[in-house]
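Chains as they are written, first to last, in the working numbering: chain Y, 489 to 829; chain W, 57 to 345.
Structure first, commentary second.
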């Protein structure tokens, strides 16, 4: 197993090199003039277009420009993003924690409800509970998350006024950026606890509710399905019959015996699901005005802010690759039947 | 299609529901010009009933009401069905062709060609599909053609992998050996014996992806990176209603129709394909029977 992990770790830089090159090459489909125009803020500067192209070497070959970009990226410089009005590296540092916070809360919901509903469906196989849960999972899987997000907002924000979009309220904004509030991790839920500020803590949680529920929708279905089929498989095994014959209560059989073994595929699946959420955050953050890396990426894409688009896509790809690797390692760790040679 | 598979679909309630939904949308898409005669030079351009900004609820003139800038929702939803099929089928077709060519080349050639082609698919898999599609669509500009290109670019690698795997397993079968013994040439064996026997599963899988592809396409349009403004496209209709989630002071849900109608159409479309796909997967899975 160690050999497999080492091999994957060695492949990681190569895959990242390929992915960043692909993304960089894509931005080169725009003509040098259009790329140079991004550096120009005032129409009166148009005359210096050629100068900009010369200065930044926008006419060089793709490889030359890419190696220059890569060299800067290693130094932690990803260029300047006019959309965020700051260097891309700073923007990533500022926006990424919000996305991670959202993804972690979502994942906790997905795992909890996925396991619970999966077990419920398996225990009641072919009864109405099972059909209802399966209908629920295929519906949540089919509902477009931008529609779900807007409907939730319309109802819980527009009609009831319970949850507002954004990451925190105006009052919290003043507290967070005021004196006496230390920024430890960038994760607002954790920072507020470390600062012993419960107002900000509950405010941050409240703003996470709707985005997290929306983001859940696409991930529930697979979780429920895997838990259900894995649970059904375990429930049919001999040790479960033995436990029942011993006179154990059905709940003990379900949760202590079968449940413990059935949960293994779910653990590995959650690694993959966590990574998949990254794509969904793009839309959810846009709907809820949640200042994460996804909405930063969308803003950059809409403004054709090339440095921003590149920085965003590379960071997301990096997280994606790391997450997939972690999921694979989890997989071999928990399922000894699988061996990579 | 196999007769028994079809019989099984008719017996499963959820598969039947899925099939009904898909056939319904297909019928709407096929009959679009009859249901809603085109009013512009470009039929996908939705007509506007005035210059008022706020959406108007369903009424006698616009049976589904209008959305922002008085775009007629009924017209947009009906032509949106045609658009969904247009985008879904084009993407599946182009991605399959690319997948067959690249996956087939990799499996047929083997060695370093295979290695390089498969590493390229690895690289594309290293970027979340939605993000890569977003980047490509943003760089090419908001146009239907570009949206199809972006979605094709992110979809073909999975088909290429699937087809490569199928070809490699078919290659081992006895009838291929028999053809070789018979003296058939390499390309002939590949085109006449291996390929026809290995691409059908992929074609079925790919065609069931239409729901997912239309969902991604609508997401792009929702973000303003898909179709140009005013196009009959469900994702864009939902995007237009985004500014109107708050309603009026008296009635907070005054503009709900602008989200629920196009959103509902998209939901039912995707649901139909997913129900059908799930059922077909269960039926084709040998472990289930």
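Heads up, the beta-carbon is just placed ideally off N, CA and C, and yes, glycines get one too.
Only counting the same chain, and skipping five residues up and downstream in sequence, which positions put a Cβ closer than 8 Å to that of residue i?
| i | result |
| --- | --- |
| residue 703 of chain Y | 590, 591, 594, 633, 765, 768, 769, 772 |
| residue 681 of chain Y | 689 |
| residue 807 of chain Y | 763, 766 |
| residue 345 of chain W | For residue 345 of chain W, the predicted model reports a pLDDT of 41, less than 50, meaning its position is unreliable and no value from the coordinates is stated. |
| residue 564 of chain Y | 577 |
Grab me the residues of residue i's own chain with a C-beta within less than 6 Å of its C-beta, minus the 5 sequence neighbours each way, in chain order.
| i | result |
| --- | --- |
| residue 508 of chain Y | 802 |
| residue 288 of chain W | 100, 102, 132, 135, 136, 139 |
| residue 297 of chain W | 123, 314, 315 |
| residue 52 of chain W | The question about residue 52 of chain W has no answer, for chain W in this structure spans 57 to 345. |
| residue 304 of chain W | 310 |
| residue 83 of chain W | none |
| residue 120 of chain W | 114, 129, 130, 317 |
| residue 206 of chain W | 189, 192, 193 |
| residue 814 of chain Y | 759 |
| residue 513 of chain Y | 550 |
Mind pulling the chain W residues with CB within less than 9 Å of residue i?
| i | result |
| --- | --- |
| residue 831 of chain Y | Outside the modelled stretch of chain Y, which goes from 489 to 829, sits residue 831 of chain Y, for which no answer is possible. |
| residue 632 of chain Y | 271, 274, 275, 278, 290, 291, 294, 319, 322, 323, 326 |
| residue 797 of chain Y | 190, 191, 194, 195 |
Give me the chain Y residues within the contact set of residue i, using Cβ-Cβ distance strictly less than 9 Å, ordered along the chain.
| i | result |
| --- | --- |
| residue 81 of chain W | In chain order: nothing, as chain Y lies at least about 13 Å away. |
| residue 339 of chain W | Correct list: empty, because the minimum Cβ distance to chain Y is about 16 Å. |
| residue 315 of chain W | 635, 638, 639, 642 |
Can you give me the Cβ contacts of residue i inside the same chain, cut-off strictly under 7 Å, excluding the 5 residues immediately before and after it?
| i | result |
| --- | --- |
| residue 679 of chain Y | 671, 672, 673 |
| residue 640 of chain Y | 698, 701, 702 |
| residue 181 of chain W | 213 |
| residue 618 of chain Y | 609, 612 |
| residue 506 of chain Y | none |
| residue 720 of chain Y | 610, 613 |
| residue 731 of chain Y | 741, 745 |
| residue 645 of chain Y | 651, 652, 653 |
Mind pulling the chain W residues with CB within less than 7 Å of residue i?
| i | result |
| --- | --- |
| residue 627 of chain Y | 327 |
| residue 774 of chain Y | 279 |
| residue 503 of chain Y | 178, 179, 182 |
So residue i contacts chain Y; which residues on that side make the cut at Cβ distance below 8 Å?
| i | result |
| --- | --- |
| residue 183 of chain W | 507, 510, 511, 801, 804, 805, 808 |
| residue 334 of chain W | 626 |
Here's the rule I'm using: 16 or more other beta-carbon atoms within 10 Å means buried, otherwise exposed. How should residue i be labelled?
| i | result |
| --- | --- |
| residue 184 of chain W | buried |
| residue 574 of chain Y | exposed |
| residue 290 of chain W | buried |
| residue 553 of chain Y | buried |
| residue 238 of chain W | exposed |
| residue 722 of chain Y | buried |
| residue 254 of chain W | buried |
| residue 241 of chain W | exposed |
| residue 629 of chain Y | buried |
| residue 709 of chain Y | buried |
| residue 329 of chain W | buried |
| residue 111 of chain W | buried |
| residue 829 of chain Y | The predicted model places residue 829 of chain Y with a pLDDT of 42, which falls under 50 and marks its position as unreliable; any figure quoted below should be read in that light. Residue 829 of chain Y is exposed by the Cβ-count criterion. |
| residue 243 of chain W | exposed |
| residue 648 of chain Y | exposed |
| residue 742 of chain Y | buried |
| residue 651 of chain Y | buried |
| residue 71 of chain W | buried |
Cβ closer than 7 Å: which chain Y residues qualify as neighbours of residue i?
| i | result |
| --- | --- |
| residue 128 of chain W | Per Cβ cutoff of 7 Å: no residues; residue 128 of chain W is ~20 Å from chain Y at best. |
| residue 298 of chain W | 638 |
| residue 347 of chain W | This structure gives no information on residue 347 of chain W, because the portion of chain W shown stretches from 57 to 345. |
| residue 312 of chain W | 642 |
Just the chain W side, please: which residues come within less than 8 Å of residue i by C-beta, in chain order?
| i | result |
| --- | --- |
| residue 790 of chain Y | 194, 279, 280, 281 |
| residue 785 of chain Y | 187, 190 |
List the residues of chain B whose Cβ lies closer than 7 Å to the Cβ of residue i, in chain order.
| i | result |
| --- | --- |
| residue 303 of chain W | Here chain B cannot be found, since the structure's protein chains are Y and W. |
Worksheet item: Which residues, taken in chain order from the region 190-204 of chain W, show a beta carbon closer than 7 Å to some beta carbon of chain Y?
Response: 190, 191, 192, 194, 195: these are the residues of the region 190-204 of chain W whose beta carbon lies less than 7 Å from some beta carbon of chain Y, given in chain order.
Fill in: Where the region 511-527 of chain Y meets chain W: residues whose CB sits under 8 Å from a CB there
Cβ contacts with chain W: 511, 514, 515, 517, 518.
Worksheet item: Using Cβ-Cβ distances below 7 Å, what residues of the region 801-827 of chain Y are close to chain W?
Response: Those would be 801, 804, 805, 808, 809, in chain order.
Worksheet item: Enumerated in chain order, which unbroken segments of the alpha helix (DSSP H) with a length of 4 residues or greater are wholly contained in the region 489-527 of chain Y?
Response: You should have 490-515, 520-525.
Fill in: Residues of the region 529-553 of chain Y with Cβ closer than 9 Å to any Cβ of chain W, in chain order
For the region 529-553 of chain Y, there are no residues whose beta carbon sits under 9 Å from a beta carbon of chain W.
Practice prompt. Output, in sequence order along the chain, the residues in the region 155-189 of chain W whose CB is closer than 9 Å to any CB in chain Y.
Written response: Listed by position along the chain: 175, 176, 178, 179, 180, 181, 182, 183, 184, 185, 186, 187, 188.
Worksheet item: Of the residues that make up the region 239-269 of chain W, which ones have a beta carbon closer than 9 Å to any beta carbon in chain Y?
Response: Here the close residues are 267.
Item to complete: Ignoring anything shorter than 4 residues or poking outside the region 743-811 of chain Y, list the alpha helix (DSSP H) runs there in chain order.
Response: Runs of the alpha helix (DSSP H) inside the region 743-811 of chain Y: 752-775, 781-791.
Discussion item. Could you tell me which whole alpha helix (DSSP H) segments of length 4 or greater appear in the region 217-297 of chain W?
Written reply: Runs of the alpha helix (DSSP H) inside the region 217-297 of chain W: 230-238, 251-254, 256-264, 266-278, 290-296.
Worksheet item: Listed from N- to C-terminal order along the chain, which residues in the region 758-773 of chain Y have their beta-carbon within a distance smaller than 7 Å of any beta-carbon of chain W?
Response: Closer than 7 Å at the C-beta level to chain W, one finds these residues of the region 758-773 of chain Y: 766, 767, 770, 771.
Worksheet item: What residue ranges within the region 88-122 of chain W form continuous alpha helix (DSSP H) runs of no fewer than 4 residues, ordered along the chain?
Response: Qualifying alpha helix (DSSP H) stretches, in chain order: 88-91.
Item to complete: For the region 572-601 of chain Y, enumerate the residues whose C-beta is nearer than 7 Å to any C-beta of chain W, in chain order.
Response: Residues of the region 572-601 of chain Y with a C-beta less than 7 Å from any C-beta of chain W: none at all.
Fill in: chain Y contacts from the region 102-131 of chain W (Cβ-Cβ distance under 8 Å)
Answer in chain order: no residues at all.
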